[in-house]
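Student: Structure incoming, see below.
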Amino acid sequence: MAKTVVLERKPLSLSERTYLPQIATGLKTTFSTMFKKKVTLQYPEERPVIPQNYRGVPTLVKDPNNREKCVSCQLCEFVCPPKAIRITPGEVPEGEADREHVEKAPKEFEINMLRCIYCGYCQEVCPEEAIFLQQEYSSSGYSREEMINNKEKLYELGGVVPDQHYKWDKKKKAEQEGNSH
Amino acid sequence: MELWNSLELWQIVAIKVMFSLMMIGAVMTMAGYSVLAERKVSAWMQGRVGPNRTVLPFIEHIPLIGPFLKGLGIFQPLADGLKFLFKEEIVPGHVNKVYYYLAPIIALVPALTTMTVLPFGEFFTDTGDRIPLMLADLEVGILFILAVSSLGVYGIVLAGWSSNSKYPFLGGIRSSAQMISYELAMGLSLLPIFLWVSKPGIDVAALSLVEIVHSQNQSMWLVFVQPLSALIFMIALFAETNRLPFDMPESETDLVGGFHTEYGSFKFGIFFVAEYAHIVIGSAIFTTIFLGGWHFLPWMADPWPSTWIGSILGVVWFLAKTIGLIFFFIWVRWTLPRFRYDQVMSLGWTKLLPLALVNLLFYVILVTWLDQPAS
Amino acid sequence: MNLIDFLFLVFATLSVGGGLLMIFSRHPVSAALFMIVSMVSVAGLFVLLESFFLAILQVLVYAGAVMVLFLFIIMLLDVGPEGAKSSKIKLLSGLAGIVCFGILVVFSLILVLNSVPDCSSCAGWPSLDDRNLVLGESLVFSTSVKSFGFGLFSKYMLPIQVAGFLLLAAMVGVIILSKKFVRESSLS
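Chains as they are written, first to last, in numbering that gives the first Met the number 0: chain A, 0 to 180; chain B, 0 to 374; chain C, 0 to 187.
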């Protein structure tokens, strides 16, 4: 255990008790700060540099083949601490050759940005890597309704994210070869 | 004076009113721009840039000058004033209406009244006489300033009391105690100045501010002759104008807004302007008494000619000194933390007051000793 | 009516009115404020007499310092509006007030009516002669600050010292009365 050393506090000298030298030092410090470079960012014109792993607005993404990745498993809805996510599950429409092996897709997917706390649990829990907290940080609106991002808006914000796994392609291939499980 | 006698009464009154309005305009403009200076200097001292967006539409398009003025925030006081004017007027239900409306007026009037006896330059007549530029050359000018500025506390006390709520009340109580304590030290710190100025051999009339300025012409500034008096006066001035480190009545961190917590819109604006008018006048008084007024530098004759150009340059020089002091006020505010209330009281009564007394005694003895050969 | 007369009427009305309102207002804070109005108007009357120094002292001492303390104490003790007193006390105080006012009016009328208008010195007060003052002879009345100073520290030296001593005694008395003494034995 480290030994505690109690430092004796020296009694203040006369000049210290008048505070004046200290005040002069303080004034010098503030005066020199006046001419230093300003740190202000002129916001609307200048934007801050967003780091790579920034947790911004949650968005839904599509895979490089422009397919919906979300399978509406609703894990994110369950894990969301402020209950900001609301998913209405639906079926994948018939006749989409690319997705016919997938059973479900979200009919409606809403994230209430007034409730969202940007914790990133939804991104962490998503088994399909369909939801991402991206670099968008400024979301604003004139009404509460406007602040609820629907599915269309979420995909618009999300865009396409490069995906190394091509999970569905693999699944389709496996299905065709007859060893799906 | 012959000029005055030839005029009708209404003409004299009209001229006086015009001069007064000009003076009020000048002081209020300076107060408004002190607010801007406060915002700008505080920003610079904290590594920020401060207000730099407000601009009048047609000035914006002037190349070079337009963006420069915009960057300095020159038009910000205009926007601030308009904002105060157009804000919703909210009167809390629990206030004492009459005094609630009276308080901002009482706060502003003394601040503006003190400037009537403030000399800020001199005018040279054709015969070579020097006429000081001021609204009223009062023989007891400095006492007038002390008396009227001591009335300013009523605005704060009434605001605190009429708001009928705890924090403003505490602010009002604090300010009345503080003002009384520091007025004593302030008055006592000025006495050695008058002793010094009125010593025999110099033809000086009692307590006139003009004479104090004249005594510093081509001789030492009084701030170097009596540094301790200047220091005590300065500290008391900070306390009287409610500036940090003595802004007890409105210490934001422990009293929300102090005496003006319950005030909004233009009534708050009046308090705000009154505070800065106090600072402007206080700086001008310090300049007059300790920094040689409109005279150039210590021991140097005024380099400007004794014509109207000289008068203008003198006034400009006076303003420059005053603005420098206003900057000092702001500078100190953004450097020092606030005193605790009991520390303010003990500093006033147990440190400054005895110090001022000792200072007075010292100069009484010194002036008596210096005057020995004269008798 | 010239300007001076008009201003005199204004200030006189304000000072008398302020005094009356001070007596009749129920709330102590209003009373204190009316007293300030009255005092500042009296200062205005002094200004009309060209006695600037007295006017300023009036404002500085009474309005600036004494009344601030009054207000301070009123607010600190939080004295509310005075409740209705019993009718007997009311009647008594009303009677006393009327009698005092009557005596005042009678005496001032007697004084005014008996005084002979003397206009030998109407030309204005003599200007201050420094030589007279230094020698301490023939102190003439003047409104200048210097004459006050010389007067106070030469002719009226004793009264001023006595007055100062009385004030000091009052102050020490207040301190002793308000301070709670703790016995030394109970301290240890």
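The C-beta atom is built at its ideal place from N, Cα and C for all residues, glycine as well.
What is the rounded straight-line gap between the Cα of B/Gly171 and the Cα of B/Gly159?
Tutor: 5 Å
Student: Output needed for B/Gly80: all residues of its chain with C-beta closer than 8 Å, excluding positions within five of it in sequence on either side, in chain order.
Tutor: Scanning its chain for C-beta atoms nearer than 8 Å, with the 5 sequence neighbours on each side dropped, one finds around B/Gly80 the residues Gly31, Gly268, in chain order.
Student: Using alpha carbons as the reference points, say which of B/Phe361, B/Val94, B/Asn51 lies closest to B/Trp195.
Tutor: B/Phe361
Student: What does A/Pro105 pair with, by DSSP beta-bridge criteria?
Tutor: A/Pro88
Student: Would you tell me roughly how many angstroms separate the C-alpha atoms of B/Met114 and B/Phe85, rounded to the nearest one?
Tutor: Cα-Cα distance, rounded: 29 Å.
Student: Run through chain C and tell me which residues come within less than 8 Å of B/Glu138, C-beta to C-beta.
Tutor: Phe51, Phe52, Ser143, Val144
Student: Spatial neighbours of B/Ala135 within its chain, please: C-beta separation below 7 Å, excluding the five flanking residues on both sides.
Tutor: Shown here for B/Ala135: same chain residues with a beta carbon closer than 7 Å to its own, the five before and five after excluded, namely Thr115, Val116 in chain order.
Student: Can you name, in chain order, every residue of its own chain whose Cβ lies under 7 Å from the Cβ of B/Ser447, other than the five neighbours on each side?
Tutor: Beyond the ends of chain B as shown, which are 0 and 374, falls residue 447 of chain B; an answer cannot be given.
Student: Between C/Ala62 and chain B, is any beta-carbon pair separated by less than 9 Å?
Tutor: So, interface residue.
Student: Chain B partners of A/Leu26, CB-CB under 8 Å?
Tutor: Trp330, Val331, Thr334
Student: Any contact between the region 65 to 79 of chain A and the region 100 to 113 of chain A? By contact I mean 3 or more CB pairs, one from each, below 8 Å.
Tutor: yes
Student: Whole angstroms are fine: how far does the CA of B/Leu8 sit from the CA of C/Leu157?
Tutor: 46 Å
Student: Assuming B/Leu243 and B/Arg337 make a contact with CB atoms under 8 Å, what is their CB distance in whole Å?
Tutor: 6 Å
Student: Once DSSP output is grouped into helix, strand and coil, what is the label at A/Glu155?
Tutor: helix
Student: So with CB distances below 7 Å, who are the chain A contacts of B/Met233?
Tutor: Close partners of B/Met233 in chain A (Cβ separation under 7 Å) are lacking, with about 11 Å as the shortest Cβ gap.
Student: Would A/Gln41 count as contacting chain B if we go by Cβ distances under 9 Å?
Tutor: Closer than 9 Å: yes.
Student: Counting contacts by CB-CB distance shorter than 9 Å, is B/Met377 in contact with chain C?
Tutor: The structure shown does not extend to residue 377 of chain B, since chain B is modelled only from 0 to 374, so the question has no answer here.
Student: Would you tell me roughly how many angstroms separate the C-alpha atoms of B/Met247 and B/Asn95, rounded to the nearest one?
Tutor: Going by the C-alpha atoms only, they are around 23 Å apart.
Student: Which ranges does the beta strand (DSSP E) cover as unbroken runs of at least 3 residues, wholly within the region 96 to 159 of chain B, from first to last along the chain?
Tutor: 121 to 123, 129 to 131
Student: For B/Phe271 and B/Ser33, I'd like the C-alpha separation in whole angstroms.
Tutor: 11 Å
Student: Residues of the region 41 to 58 of chain B with a CB closer than 7 Å to any CB of chain A: list them in chain order, please.
Tutor: Trp43, Met44, Gly46, Arg47, Val48
Student: I'd like to know if C/Phe71 contacts chain B, where contact means its C-beta is closer than 9 Å to some C-beta of that chain.
Tutor: yes
Student: Quick check on the DSSP output: the beta strand (DSSP E) that includes B/Phe317 runs from which residue to which?
Tutor: Counting along the chain, B/Phe317 falls outside any beta strand (DSSP E), though it belongs to the alpha helix (DSSP H) covering 307 to 332.
Student: Leaving out the 5 sequence neighbours to the left and right, which residues in its chain are closer than 8 Å to A/Lys61 when beta-carbon positions are compared?
Tutor: Glu67, Lys68, Tyr154, Gly157, Gly158, Val159, Val160
Student: Take every Cβ of the region 219 to 234 of chain B, pair it with every Cβ of the region 183 to 190 of chain B, and state whether three or more of those distances are shorter than 8 Å.
Tutor: yes
Student: With 9 Å as the threshold, decide whether the Cβ of B/Phe143 is near any Cβ in chain C.
Tutor: yes
Student: Can you look up A/Ile130 in the DSSP assignment and give me helix, strand or coil?
Tutor: When secondary structure is reduced to three states using DSSP, A/Ile130 falls in the strand class.
Student: Could you pull out every residue in the same chain whose Cβ sits closer than 7 Å to the Cβ of C/Val133, ignoring the five residues on either side in sequence?
Tutor: Any reading at C/Val133 needs caution, since the residue's pLDDT is 49, under 50, leaving its predicted position unreliable; the model's value is listed next. The answer is none, since no qualifying residue turns up.
Student: With 9 Å set as the bound, which would you pick, yes or no: does the beta-carbon of A/Val38 sit closer than that to a beta-carbon of chain B?
Tutor: yes
Student: Run down chain B in chain order and give the residues with a C-beta less than 7 Å from the C-beta of A/Thr32.
Tutor: Met44, Gly46
Student: With a CB to CB cut of under 6 Å and the five nearest residues on each side skipped, what residues in its chain are close to B/Ala235?
Tutor: Tyr181, Ala184, Met185
Student: For A/Ile147, list the residues DSSP reports as bridge partners.
Tutor: A/Asn111
Student: Just confirm the distance between the C-beta atoms of B/Gly120 and B/Gly313, as a whole number of angstroms; I'd bet it's less than 8 Å.
Tutor: 5 Å
Student: Hey, quick one: how far does the beta strand (DSSP E) through A/Leu59 stretch, first residue to last?
Tutor: 57 to 59
Student: Three or more C-beta pairs under 8 Å: does that hold for the region 122 to 131 of chain B against the region 34 to 44 of chain C?
Tutor: Note that the region 122 to 131 of chain B does not touch the region 34 to 44 of chain C; fewer than 3 beta-carbon pairs, one per stretch, sit closer than 8 Å.
Student: Consider the Cβ of A/Lys68: report whether some Cβ of chain B lies at a distance smaller than 9 Å.
Tutor: no
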